[in-house]
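All residue numbers for the sequence shown refer to my numbering, where the first residue is 185 and numbers rise by one. From the three backbone atoms N, C-alpha and C, an ideal C-beta is built for every residue, glycine too.
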Amino acid sequence: SHQTGCEMSCVREMSFIFSLYIILSAFHIHNSVCKEVILKTGTCSEYFERSVEDPDFRTTGWSPKAANDGCSICNSQDTAESWLVTKFQQVKEFIKSVHVNVKVYRPECGLCKNQDVKVYILGKALPIGQKGLKEAVGILKNLTLVTTLKNQKDLTDKFHQFHFEPNAPQLSIAFLSAGSCTLIKDITLSYFVCDKNTSAGVNLPRTVAPDSGSQRVNVSCPENTLNPGNEEAYGLCSSKGIWKIISPCICKKGYTLNTIEEGCIECAVNTYKDTLGNGKCTNCPRNSGRNLKGQSQCMCQDDFYRFQGENYTKPCYGVPSPVGDVKYIDKTETSITLLWTPPPDQGVLYDIECNKCPSGSDSGSCVVPCGRSVMFIPSQNNLTYTNVTIQGLDQDTEYQFVIYSKNMNSARISRTNWKSAVKKIKTEGMSKSDGLPAAVIIVVPVVVIILMIVIIILVVCLLKRRKIRRFRASQRSRGGGDFPLIPGEKNYIDPTTYDNPERAVSEFAKELDRNLIKLEAIIGGGEFGDVYKGDMKLPGQPSMKVAIKTLKAGATRKNRTDFLIEASVMGQFKHINVITLEGVVTKTTPLLIVTEFMENGSLDKYLKENDGVLKAPQLLGLAQGVASGMEYLAGMHFVHRDLAARNVLVNANLACKVADFGLSRDIGNTAESEYETQGGKIPVRWTAPEAITYRKFSTASDIWSYGILLWEIMSFAERPYWNWGNEEVMKRVAEGYRLPPPMNCPKTVHQLMKECWLTDRTKRPAFKEIVRIIEEWIKYPEKLNEDYIKVRRTEPLDYAAFTSIKDWLEAIKMGMYASNFSKAGYEELSDVAQLTEDELLEKVGVRLVGHRHKIYQRIKEMSEDMNLKREQSVRI
C-alpha cells in the first residue's frame, strides 16, 4: 500500500488563512485523509463580521476580548439575544457536508440566566446599517437551529464538533447568546475530499467526499495498464476522504510501477518483465536483451543462442565464427583436399558436410548427402586441423562442402545456428586418349586394374599378418588377452614391439623444428624431467600455447627409451577427449614432447579448487568427457591401467582429456599410492580386484577405475577409501564393500558407480553405454530422479546359453533375419562375432539401418564377451 499526504494545492486560500490537516488511517491501498479548510481562525478579528442585537432590547453584544483570544460576550443580567455573525465564505465546489470545530471557554457564572449557546447557518448576507437591523434580527430569528453548545461547568476549553449540509454557495455561522458568559477562541470550517490517487495503477480524480457512506467513481485504466478481469476500474470515496480501490489496474508485460505519480513505465534497457502486475523488471540473462525498452522477454544478442529446449529465462551462448578462405589444395577424379583459415575464436572444432550437386543445378539444390562410400581423412567430425581430404567421390561431379565451426556449447545449440562456410568444387573428369583403338582403351585399363588388385591383396595380407603378430605381442606384454582385430577399425600398436624406439616415434609422432618452440615457465615435474608452459609458432599458423616435457640431462638409456615410447603411445590418439600430441624434438637435445596446453591443470586439482561451486550438470559434463575419451581408447583396444582424476587434464573450456602420462604432476612413489607386485606398481584404490590379484588388465578393469574416478568427481576429489591402508582396501573390496555415495550425489549416479564395480567384469557397462547414460542425464536432468534400471537401455546377455544363431536373434528381437544368416552360410556364433556393420548389409542383407545398427551393437557385445571368456580360461 501507498501512503501520501494531500498536496498543498488541496488547501485553498480564501478570505482567511487556510491550512492542511492530514489524518492517516490504515485503509486498503491509498489510506491518506484529505480535508479542505474553508475557514481557520485564531483571533476574533479574523472571523468577526458583526454583533447583532434586537433594537427593542438593550443588551451586551459580542466583541473581541483581547489579542489572539477570540470573541466574547457576558450578558448575564438579562436574557436578551445577541448574535455573533462570522464573515461570509465562498465555496467554489459543490460541498455535501461542512464540518465545524469550535473551541469554547465558559467561566463559572452564578448570575447567568442561560449558559448554552445556539448555532445557526446563514446562507445570505444580512442587511447593513441601523435601518436594516430589524430585518436582520428577523432573518436570524427564522434560521433553523443546527446545534446547541451546552455548558460543561468545569472551567476548561471545550471543543464542539458538528456538521451540516450547505444549501448555498456562500455561508456564515451565527452564534446566539441569551444570558451567557462565553468566549469563542477558535473556529474551523472544513470538508473532506478524496485526493487525486494514482496508486494501484488507477487515475482517480480529486473527489468531494459524500455526507455519509461512499461514492463510486469510475475510471479508465491509464496507458500501459489493464484490468486483470477486463472489468471497469473504479474506487469508492468514503465520507472521511479515504479511497478504497475495488477494481485496480495493473501494469502490462514489459512495464513496471515506478512511482505513484508516473504510474507504469517501460522496463529499462536490458531488463524485462514477463508477467502482468506491478512487480519489478528483471535483468536479462547473460548475452541476451536488445537495446530496447519495454521487453516482455529477452531475445539472444546477435551470434548468441540458447540451448535447445531452454526458454528466454536462460542465458545465451556464443558459437564460433565461420572459417575463412576455403580453397582446395589438391583434387583428382575421386578426391578433394580442402584447406581453410581458422576463425579467431579459441577451442574451435570443425564438422564437414558433403552434398552432391546434380549436373546443371543451381546453387540452392545441392542437398543429396554424399553417402557412406565417401571417406573423410582424418575424420568428418570434431576436426582439430584446418584441412581435410575427402575420398571416394565420383569423377567429373560437382560437390558442395559445408565447414561448420563449433565449440563445447555447440552440441546443445541447434545446428541451424552454427556458423559455416560453403565451397563448391567439381572433381576432375577422366582424360580421353586420342588415336588409340577402342579395344585398347578398354582392355588396357582393365588389365592394369586387375594387376593392381592382385598386388594390393598381397600387400594387405602381408601387412595384416605382421600387424596381427605385433598387436598380439603388445597385448601379451601389457598383460591383456588377445583382441580380435575388427576390419575397418584402428587398433593401438604397442611401441615396445618395435626393435628400435626411434622407428616407432618416427611412425607415430611428428618431428618439430626446435627453433619454433619457446619455453616460458616450469609448471611441473615429470618422471623424465621438467614440464614447461611454452609457445609454438608453426609456419602459416597462429601461435599456440603448448606444454613441453623435457628429458633431463644425464638420463639413462632406459629413460630415453621410455620417453620415446611415451610419445609413440600419445601420437596414436586423435580424439577431443584425449590429450593431443603436437609433436616431438628428437634431432637435438634435450629431447622434447610437445602437447596441447591444458589451462586448468589436472582434474583432481580443478575439483578441489571448485569444491561446492560446481553443480551436478557441470560435474556430469566433466564425467561425460572422460567417458567419451575412454570409449575412444577402448575402441582402439588400448587399456589405460591408471585411470584417475590425477591423470585427466582440463582445458579452459572445461573439456576433460584423458592423459596416459600426467604432464603437470610428479609421479608418486609412496606405498600409499601404489601396491608393489612382481610386475610393477598398481594404484590399488583405483584398480579392479582381478587386475590386482592376477595382473589381468582389460577395458573392464578400466571401467572399474572409471567408477572410482566418477566418485572422485562427485566428491570434489576426496581420497577414495579415505585413510585406509592398501591392504585394508583390498581386503574390504574383496569382501564386497563399495564406496558410499558422496554428499549431494544423485542416487542414479551412485548406482552407475556400483555397476562399474561389479565383481563379474563381464556385467560392467561398456564405456559407450556410460557415455549414453550420462548424456541423457545432462540433456534431461529430471532423469537423475528416475530409477537407474529405467536409464540403462539393455541388459547384458548370457551368450553361452545360446545354442544357435536363431536363438540369439530371437533374444534380441531380430528373429526375422534368421533365414538371412542361414542363406549367407553362417552357422556358428563365433563366425557372427567377426561381422562388421557393412558386412551385415552386403553379405547378410540387413537393409534397414536401425535393425542393422542394433544387430551390430549386439555383435560387438558378443565379441567382447567371447574375448573375456577366452581370457578367463587362459588365466585358469
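By the Cβ neighbour-count rule, G613 is exposed, with fewer than 16 other Cβ atoms within 10 Å of its own. For K325, there is no enclosing beta strand (DSSP E); the residue is found in the alpha helix (DSSP H) stretching over L317 to K325. W427 carries a strand assignment under DSSP once its states are collapsed to helix, strand and coil. Taking each of C433, P239 and K915 in turn and checking the Cα distance to C405, the smallest one comes out for C433. Burial of D886 is indicated by the presence of at least 16 other C-beta atoms within 10 angstroms of its C-beta.
Closest by C-alpha distance to L806, out of S549, I634, S899 and T779, is S899. When DSSP states are grouped into helix, strand and coil, A731 belongs to the strand group. Annotation for A731: I707, V715, Y716, K717, G718, V778, T779, E780, F781, M782, L847 and S848 place their beta carbon closer than 8 Å to its own, counting only its chain and skipping 5 residues before and after. Residues N539, C541, C550, V606 and K608 of the same chain have their beta carbon placed closer than 7 Å to that of Q584, with the five preceding and five following residues left out of the count. Comparing alpha-carbon positions, the option among A705, C940 and G920 lying closest to A884 turns out to be C940. The beta-carbon separation of K302 and L373, rounded to 18 Å, does not stay under the 8 Å limit for a contact. Following the DSSP letters along the chain, one finds A811 inside the alpha helix (DSSP H) bounded by residues A800 to G819. In the structure shown, the three-state DSSP call for G508 is strand.
Excluding its 5 nearest sequence neighbours in each direction, D509 has C-beta neighbours in its own chain below 7 Å: W524 and T525, listed in chain order. A751 sits away from A843, with the two beta carbons spaced by 7 Å or more. Membership of S235 in the beta strand (DSSP E) is indicated by the continuous run F232 to E237.
Distance check between T611 and each of Q579, I641 and V630 places Q579 closest, using alpha-carbon atoms only. No alpha helix (DSSP H) of 4 residues or more sits fully in the segment 275 to 305.
In the structure shown, the three-state DSSP call for C218 is strand. Between F560 and T581, the alpha-carbon positions lie close to 17 Å from each other. Straight-line spacing of the CA atoms in Y1001 and E1045 works out to 18 Å.
Leaving aside the five residues that flank A901 on each side, the residues in its chain whose CB is nearer than 7 Å to its CB run, in chain order, D788, L791, K792 and A829. In the DSSP assignment, the residues bridged to E582 are K610.
Under the three-state reduction of DSSP output, A362 falls in the coil class, being neither helix nor strand.
V572 sits close to L522, with the two beta carbons spaced by under 7 Å. A residue is called buried when at least 16 other Cβ atoms come within 10 angstroms of its Cβ; H1037 does not meet this threshold and is exposed. Under the criterion of beta carbons closer than 8 Å, Y304 and L329 qualify as touching, at roughly 6 Å. Boundaries of the alpha helix (DSSP H) harbouring K931: K931 to C940, taken from the DSSP string. In the structure shown, the three-state DSSP call for E691 is helix.
Excluding the 5 residues flanking it on each side, Q485 has same chain C-beta neighbours closer than 8 Å at N471, S472, G473, R474 and C500, in chain order.
Following the DSSP letters along the chain, one finds F343 inside the beta strand (DSSP E) bounded by residues K342 to F348.
If you keep only unbroken beta strand (DSSP E) runs of at least 3 residues inside the segment 430 to 512, you get 439 to 441 and 448 to 450. Judged by beta-carbon spacing, G767 lies within the 7 Å limit of L696, meaning their Cβ atoms are closer than that value. Ranking L703, A800, A688 and N699 by CA distance to the CA of D746 puts A688 first. Secondary structure in the segment 857 to 927: the beta strand (DSSP E) runs of 3 residues or longer, each lying completely within the stretch, are 859 to 861 and 864 to 866 in chain order. Counting only the Cα atoms, P924 lies some 16 Å from A918.
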